[in-house]
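J.: Got a structure for you, written out below as structure tokens; questions coming shortly.
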Amino acid sequence: MTPSSHSSPLHAQPLGDSAVAIVFGTERSAQLLHEIHSAARALEAARFPHVEDVVPAYLALTVFYDSLRISYREISAGLLAACEGVVDFAKAPTPRTHRIPVRYDGPDLDFIASSTGLAVDDVVARHLGRSYTVDLLGFVPGFGYLGELDPALQLPRRDQPRPRVTAGSVAIAAAQTAVYPLDTPGGWHIIGSTSTVMFDPARNPPALLAPGDTVQFERVQ
Amino acid sequence: MITITRSPPYLTVQNGGRRNSRSLGVPRGGAMDLFAVRAVNAIVGNSLEAAALEWALGGGAVRFERDCVVAIGGATARATLAGRIIPPCTASYARAGDELIVDQLTSGRFLYLGCDGGIDVPILLGSRCTYLPGHFGGFEGRTLRSGDTLKLGERPFARPAEGFHSAADLMPRYDSEIVHVIRGTRADLFDESDWRTFTESDYKISMASDRTGYKLEGPVIKNSLGNLPSEAGCPGAIQIPGDGLPIALMADAPTIGGYPKIAVISEADLPILAQRRPGESIRFQLITIEQSQRALKRRASDMQTISQLASRS
């Protein structure tokens, strides 16, 4: 991995007083996501002083730090230098495969069908028709952003998020699908539900999914 | 131990929050008003990260089952200890069996009650704070109910003098109309007129406001940006969803989200917004990251001052 493969030059942006986003590019791609996860692993392994958390996302990784001990200017310079030279030395953990049973009974199934012009059965078949990679973990505890959804099923998020989506809801939005690990407001279209426990703080690790894992949904009645 | 003798509608165990699990999607969480929770700890002689009670939406009562140094802060409340009025941000000595009664919260939204030794609940993912959406942390992952009893930690060696009081000039100006912000990660996507709207209008806290975020009502900020790839968020980030009305993310802010962030509230000022009630308003003023981090350092040094004064009192 060389810095020249970045689709735009690496730069830093503050996210408030105690976090900095290291931006890797402007367009989502599997390659960019791979670079970001590699850099995140490298930063974790390097144990940068005053760093609390490293949060990878599609275009940037965000580092949370103790801003009483190090300034934005100082930490962003250090992180940029570290990310410039990242090679994939911190080996990715071995990915796991998860089979998640889904009952396709979501309240948005008809909406998805009519918006995509597909029959409900076809919507379900396309959702089941491929395995997904865990792109990111985030939003709420244990929520995995799974890609990449069948292009025929890709719809924008709802304009108005629902005030409450129940735990276990299986949903889609844009190029992703996901399982809601807990009751939360949510803007994705709900296609079904599962009984799989996605997050348990007493479990080690607490989150069922990890970035790079594979998810295969299986239909149950 | 302390016993919740009459629970207010909302009561949880909180502290400074979880700071090492965001990569699993676990929000920082913790107290809505980080300054106030640390201040009540400082005043009773605790470490700043000790757990305290976060109290909202009405009156209630707790009974101390052992001698205890207690302090309340954050929202203003009419409160008594063993029948005598207790002022805010003041070390009061409770005897075993004494009851602290909060009649009502007169202004502000979140009251903190600190006891020396702190609330002793298990540490989960690095913190004692309650994360209600996930039903974990704090006391059984839930709001406290009448009849619950909570263990207290060991009392600190040094005890502040009874009546020790933290000066008002060491506290945030909760009545300030202005809340400072720095530019957000998507600030460039908003043009000059959006920024004028954002910084020159009063925004009212809507009824749709909770520990996750405060929806704000006021002039719409036009947003034709559509969906962005999800990116990290934090408490204080102000995002503009499709309807153009800003949402200020608060303590339980999602770690990642897809709405563009126009600005992020200066951490030093976040307690001011946290303590605003629905219907009250604020105005945003832009500062630089350098100014914002300086303000945060001043807050931290004020907190140190409170701790030192308490230990010398």
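Chains as they are written, first to last, in our numbering: chain A, 1 to 221; chain B, 222 to 534. Where a beta carbon is used, it is the ideal one built from N, C-alpha and C, also for glycine. All figures in this text were calculated on a predicted structure; none of them were measured in a lab.
Could you tell me the distance, in whole angstroms, from the CA atom of Arg376 (chain B) to the CA atom of Tyr333 (chain B)?
T.: For the purposes of this step, residue 376 (chain B) is taken as the residue at position 155 of the second sequence. For the purposes of this step, residue 333 (chain B) is taken as the residue at position 112 of the second sequence. Arg376 (chain B) and Tyr333 (chain B): Cα-Cα distance of roughly 18 Å.
J.: Just the chain B side, please: which residues come within less than 8 Å of Ser115 (chain A) by C-beta, in chain order?
T.: Working through the first sequence from its first residue, we reach residue 115 (chain A) at position 115. The premise fails here: Ser115 (chain A) is roughly 15 Å from chain B at the closest Cβ pair, so nothing lies under 8 Å.
J.: Anything in chain B within Cβ reach of Asp159 (chain A), meaning under 9 Å, just list it in chain order.
T.: Taking the first residue of the first sequence as 1, we reach residue 159 (chain A) at position 159. Chain order gives the chain B residues near Asp159 (chain A) as Pro462, Gly463, Asp464, where near means a beta carbon separation below 9 Å.
J.: If I follow the unbroken alpha helix (DSSP H) through Tyr352 (chain B), where does it start and stop?
T.: As a position in the second sequence, residue 352 (chain B) is number 131, starting the count at 1. Looking at the DSSP string, Tyr352 (chain B) is not in any alpha helix (DSSP H), and its letter there is neither H nor E.
J.: Curious, which full-length beta strand (DSSP E) runs of at least 3 residues does the segment 382–427 of chain B contain?
T.: 399–404
J.: Between which two residues does the alpha helix (DSSP H) containing Ser328 (chain B) stretch?
T.: As a working note, residue 328 (chain B) is residue 107 in the second sequence. Unbroken run through Ser328 (chain B) is the beta strand (DSSP E), 320–336; no alpha helix (DSSP H).
J.: To the nearest angstrom, report how far apart Thr364 (chain B) and Asp415 (chain B) are at their CA atoms.
T.: Translated into the one-based positions of the second sequence, residue 364 (chain B) becomes position 143. Translated into the one-based positions of the second sequence, residue 415 (chain B) becomes position 194. If I take the Cα positions, the gap works out to 40 Å.
J.: Show which residues of chain B have a CB atom less than 7 Å away from the CB atom of Tyr72 (chain A).
T.: Position 72 of the first sequence holds residue 72 (chain A). By Cβ distance, chain B contributes Ile510, Gln514.
J.: In this structure, does DSSP put Gln525 (chain B) in helix, strand or coil?
T.: Sequence index remark: in the second sequence, residue 525 (chain B) carries index 304 (1-based). Gln525 (chain B) falls in the helix class under three-state DSSP.
J.: Looking at Arg287 (chain B) and Met222 (chain B), is the spacing between their C-beta atoms short of 8 Å?
T.: For this step, residue 222 (chain B) is matched to residue 1 along the second sequence. For this step, residue 287 (chain B) is matched to residue 66 along the second sequence. Yes.
J.: Which of the three DSSP states, helix, strand or coil, is assigned to Lys518 (chain B)?
T.: Position 297 of the second sequence, counting from 1, holds the residue named residue 518 (chain B). Here Lys518 (chain B) sits in helix by DSSP.
J.: Taking DSSP as the reference, what is the three-state secondary structure of Val56 (chain A)?
T.: Here residue 56 (chain A) refers to the residue found at position 56 when the first sequence is read from its first residue. The question names Val, but residue 56 (chain A) is Pro in the sequence shown. Strand.
J.: Starting from Ala495 (chain B), follow the alpha helix (DSSP H) in both directions and report where the run begins and ends.
T.: Residue mapping note: residue 495 (chain B) aligns to position 274 of the second sequence, counting from 1. First-last of the alpha helix (DSSP H) with Ala495 (chain B): 491–495.
J.: Expressed to the nearest angstrom, what Euclidean distance is found between the alpha-carbon atoms of Ala21 (chain A) and Ser115 (chain A)?
T.: What you label residue 21 (chain A) is simply residue 21 of the first sequence in a count that begins at 1. What you label residue 115 (chain A) is simply residue 115 of the first sequence in a count that begins at 1. Our two residues, Ala21 (chain A) and Ser115 (chain A), have alpha carbons roughly 35 Å apart in a direct line.
J.: For Asp105 (chain A), I'd like the list of residues in its chain whose CB is within less than 7 Å of its CB, leaving aside the five on either flank, ordered along the chain.
T.: Within the first sequence, the letter at position 105 stands for residue 105 (chain A). Taken in chain order, the residues that qualify are Gly192, Ser193.
J.: Return the chain-ordered list of same chain residues with a C-beta closer than 6 Å to the C-beta of Val441 (chain B), the five sequence neighbours on each side being excluded.
T.: Start at 1 with the first residue of the second sequence, and residue 441 (chain B) comes out as number 220. Only Gly465 meet the Cβ criterion.
J.: Considering Cα atoms alone, identify which of B:Thr476, B:Asp523, B:Leu274 is closest to Ala296 (chain B).
T.: The residue labelled residue 296 (chain B) in the question sits at position 75 within the second sequence. Residue B:Leu274 holds the alpha-carbon nearest to the alpha-carbon of Ala296 (chain B) among B:Thr476, B:Asp523, B:Leu274.
J.: For Leu80 (chain A) and Pro229 (chain B), what's the separation of their Cα atoms in angstroms?
T.: To locate residue 80 (chain A), count along the first sequence from 1; it is residue 80. To locate residue 229 (chain B), count along the second sequence from 1; it is residue 8. Whole-angstrom Cα-Cα distance: 48 Å.
J.: Under 8 Å, CB to CB, which of the residues in the segment 132–152 of chain A have a partner in chain B?
T.: Leu136, Leu137, Gly138, Phe139, Val140, Pro141, Gly142, Phe143, Tyr145
J.: State buried or exposed for Lys482 (chain B), treating a residue as buried only when at least 16 other CB atoms are found within 10 Å of its CB.
T.: Within the second sequence, residue 482 (chain B) is the residue found at index 261, counting from 1. Under this definition Lys482 (chain B) is a buried residue.
J.: When burial is assigned at 16 or more other CB atoms within 10 Å of the CB, is Met428 (chain B) buried or exposed?
T.: Looking up residue 428 (chain B) in the second sequence gives position 207. Exposed, since its Cβ has fewer than 16 Cβ neighbours within 10 Å.
J.: Ala312 (chain B) to Pro354 (chain B), Cα distance in whole Å?
T.: Here residue 312 (chain B) refers to the residue found at position 91 when the second sequence is read from its first residue. Here residue 354 (chain B) refers to the residue found at position 133 when the second sequence is read from its first residue. Cα to Cα, the separation comes out at about 33 Å.
J.: What do you get for Ile399 (chain B), buried or exposed, if any count of 16 or more other CB atoms within 10 angstroms of its CB means buried?
T.: What you label residue 399 (chain B) is simply residue 178 of the second sequence in a count that begins at 1. So Ile399 (chain B) ends up on the exposed side.
J.: How would you list, in chain order, the residues of chain A whose beta-carbon sits under 7 Å from the beta-carbon of Arg243 (chain B)?
T.: Translated into positions along the second sequence, residue 243 (chain B) becomes position 22. In chain order: Asp53, Val55, Phe64.
J.: Under the three-state reduction of DSSP, which class applies to His356 (chain B): helix, strand or coil?
T.: Translated into positions along the second sequence, residue 356 (chain B) becomes position 135. Of the three classes helix, strand and coil, the one that applies to His356 (chain B) here is coil, per DSSP.
J.: Under 9 Å between beta-carbons, which chain C residues line up against Leu346 (chain B)? List them in chain order, please.
T.: In the structure shown, chain C does not exist; the protein chains are A and B.
J.: Establish whether the CB of Ser528 (chain B) and some CB of chain A are separated by less than 8 Å.
T.: Taking the first residue of the second sequence as 1, we reach residue 528 (chain B) at position 307. Closer than 8 Å: no.
J.: Using Cβ-Cβ distances below 9 Å, what residues of the segment 7–24 of chain A are close to chain B?
T.: Gln13, Pro14, Leu15, Gly16, Asp17, Ser18, Ala19, Ala21, Val23
J.: Quick one, are the C-beta atoms of Ala298 (chain B) and Thr327 (chain B) less than 8 Å apart?
T.: Position 77 of the second sequence holds residue 298 (chain B). Position 106 of the second sequence holds residue 327 (chain B). Contact flag set, yes.
J.: For His37 (chain A), does the count of other Cβ atoms within 10 angstroms reach 16, so buried, or fall short, so exposed?
T.: The residue given as residue 37 (chain A) occupies position 37 in the first sequence. Buried.
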